[in-house]
Amino acid sequence: MLDLLVDGDRPVNAIAENFEMSRPAVSQHLRVLLDAGLVTEQRHGRERRYRLVPEQLAPVRDWIAHYERFWDDNFARLRRHLEKGDQQQ
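The sequence shown begins at 1 in the UniProt record's numbering and counts up by one.
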């Protein structure tokens, strides 16, 4: 759902048509994202439009970056170890 909102706000129906779930189920997912502060909701008449709040993803990006460094370091060590083994054969 977040991917759909990257390019701008969308109404619930435009979001729901991309998923094989009911519109109420999509609304429940959007409510979770809203409660987490990842999206905002604006009402235009009877229509609700949702917009991504990208700044709220910064802590997630930082958390992932921490583990990315961990895995990059470990894969680099593994690569060096394997290359050393190839040279010995």
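In this text, a Cβ means the ideal position worked out from N, Cα and C, and glycines have one as well.
Taking Cβ positions, are Leu33 and Met1 nearer each other than 9 Å? Result yes, Cβ atoms of Leu33 and Met1 sit closer than 9 Å.
Kindly list the residues whose CB is nearer than 6 Å to the CB of Gln42, restricted to its own chain and excluding five residues on each side of it in sequence; keep chain order. Correct list, in chain order: Arg49.
Does the stretch 61–70 come close enough to the stretch 18–25 to have 3 or more Cβ pairs within less than 8 Å? Contact annotation: the stretch 61–70 does not touch the stretch 18–25, with fewer than three C-beta pairs closer than 8 Å.
Which residue's Cα is closest to the Cα of Val6: Val53, Asn13, Val12? With distances taken between Cα atoms, Val6 lies closest to Val53.
In whole angstroms, give me the CA-to-CA distance for Glu55 and Val12. Cα to Cα, Glu55 sits roughly 22 Å from Val12.
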